[in-house]
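Take 2 as the starting number for the sequence shown in my numbering and just add one per residue. Built from N, CA and C at the ideal position, the CB exists for glycine as well.
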Amino acid sequence: MAGQTGGTAAKILVFDSGLGGLTIYRELVRRMPEAEYLYVADNAVFPYGNLADDELVTRLLALFDILIEREQPDICVIACNTASTIALAPLRDHFAVPFVGVVPAIKMAAEQTKTGLFSVLATPGTVKRDYTRDLIARYAADCEVTLVGATDLADLAEQFMRGEKVDPGKLLHEIAPAFVEKGARRTDIVALGCTHYPLLTDLMRNIAPWPVNWIDTAPAIARQTQKVLSGLAQGGHGASGGAANRLIHTGQNATIAKVEAFLRKVGITAIYRDEIIG
Ligand code: DGL
């Protein structure tokens, strides 16, 4: 049954550098409302897009060492492309608990494009990764793919979540390189390669140079998480009977206080700060 392992509620740990992973969390809850959720936002070092690769991997291994021991999740969802494209393999090597990662939807975009021109909008970290380039070589060799490393878009999404006004000029500056014209052909798909970006889809649609299909990976990730959970033999570690979904964040309280109303709306009722690795 959805959100259950071996007959008891599953405990799902959802992780991101900030609040973007809530786009994945929302889909997970829609699909598996009976599971218990712990959302971890490592916002002390947000954005991950600016961290060096080895620094990021070391940090993630240290965080999960503590989180897995303390929280005993049945599954961890790395709701962050920037982290998944560099750390998924080391995390799976180090820990027995299953990890589901989020990576740019290059295969889906290649299958859906009609013009053969599509773009991947992601953080500078995700864009430069071999993982991303391998996905293109494997699934989109016959397409023309534009990789756009957006330096400020995740931050604009966080501003939007805090209820601050997003400057349309800044937003257009971030997304404009994703719109490419070659003769009579134009980009027809923009794959959102950062979990923060779906928060801005309506705003981006309003200012886009022309209409495109914006691909959000959240529904596919929720499906995959459910599939992995249903294959687990042992009973879940989730509290049955509707335990509070919790959010732990490593950064400043003030940042989270501004999004509290949104968090409550998506069912997160316990919010606390914990540096985890100090
Ligand atoms: N939400 C994250 C992702 O999917 C990244 C934002 C950041 O740079 O921290 O890539």
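Same chain, Cβ closer than 6 Å to residue i, five either side skipped, listed in chain order
| i | result |
| --- | --- |
| G252 | N44, A45 |
| R93 | F100 |
| Q210 | Correcting the residue type first, residue 210 is Pro in the shown sequence and not Gln. The residues are F180. |
| G239 | A10, A11, K12, A36, E37 |
| F47 | S18, G19 |
| K259 | R163 |
C-beta contact flag for residue i and residue j at 8 Å
| i | j | result |
| --- | --- | --- |
| V101 | G268 | no |
| P199 | A185 | no |
| L230 | D75 | yes |
| T86 | P125 | no |
| V149 | A111 | no |
| D325 | T116 | Summary: the structure shown does not reach residue 325, with the chain confined to residues 2 through 279, and so no result is reported for it. |
| Y49 | A84 | yes |
| A36 | I69 | no |
| E159 | L20 | yes |
| R32 | Q225 | no |
| L173 | L157 | no |
| P91 | V128 | no |
| C1 | F119 | The requested residue 1 does not occur in the structure, where the chain is confined to residues 2 to 279. |
C-alpha distance - residue i paired with residue j, whole-angstrom precision
| i | j | result |
| --- | --- | --- |
| T1 | R163 | Lying before the first or after the last residue shown, residue 1 is absent from the chain, which here runs from 2 to 279. |
| F16 | Y38 | 11 Å |
| Y40 | K183 | 42 Å |
| A11 | L264 | 21 Å |
| D168 | A177 | 14 Å |
| P212 | N254 | 38 Å |
| N207 | N246 | 34 Å |
| M205 | A262 | 23 Å |
| V181 | R274 | 43 Å |
| E165 | N214 | 26 Å |
| R130 | A155 | 18 Å |
| Q5 | Q235 | 10 Å |
| G22 | C81 | 6 Å |
| Q73 | E175 | 39 Å |
| R187 | G170 | 22 Å |
| V104 | A53 | 18 Å |
| E276 | M109 | 37 Å |
| P34 | Y26 | 11 Å |
| R71 | N51 | 29 Å |
| I272 | T24 | 18 Å |
Close-in-space but distant-in-sequence residues of the same chain around residue i (CB under 8 Å, 5 per side omitted)
| i | result |
| --- | --- |
| I107 | V121, T133, L136, I137, Y140, A141, V146, A192 |
| L201 | L154, L157, A158, F161, V167, L172 |
8 Å contact criterion, which residue i and residue j should meet: CB distance rounded
| i | j | result |
| --- | --- | --- |
| C77 | A123 | Wrong, their Cβ atoms sit about 21 Å apart, outside the cutoff. |
| I222 | E28 | 7 Å |
| H250 | A42 | 4 Å |
Cβ shell of residue i (< 7 Å), same chain only, five flanking positions each side left out
| i | result |
| --- | --- |
| L89 | I79, F100, G102 |
| I278 | A63, L64, I67 |
| T270 | A245, N246 |
| Q113 | I190, N214 |
| G237 | Q5, T6, G7, T9, A10, A11, K12, D75 |
| L61 | A84, A88, L92 |
| H95 | L62 |
| K266 | none |
CB contact check: residue i to chain D, cutoff 8 Å
| i | result |
| --- | --- |
| Q227 | Note that chain D does not occur in the displayed structure, where there is just one protein chain. |
- Task: Starting from the N-terminal side, write out each stretch of the alpha helix (DSSP H) that is 4 residues or longer and does not extend beyond the region 95-143.
- Result: 107-113, 125-129, 131-140
- Query: What beta strand (DSSP E) runs, 3 residues minimum, are completely inside the region 211-241?
  - Reply: 214-216
- Query: Which full runs of the alpha helix (DSSP H) of 4+ residues lie inside the region 36-99, going along the chain?
  - Reply: 54-72, 82-95
- Task: Could I get the ranges of all uninterrupted beta strand (DSSP E) runs contained in the region 155-195, with 3 residues as the minimum, in chain order?
- Result: 190-194
- Task: Mind listing, in chain order, the continuous beta strand (DSSP E) runs of no fewer than 3 residues lying wholly within the region 243-275?
- Result: 246-250, 269-274
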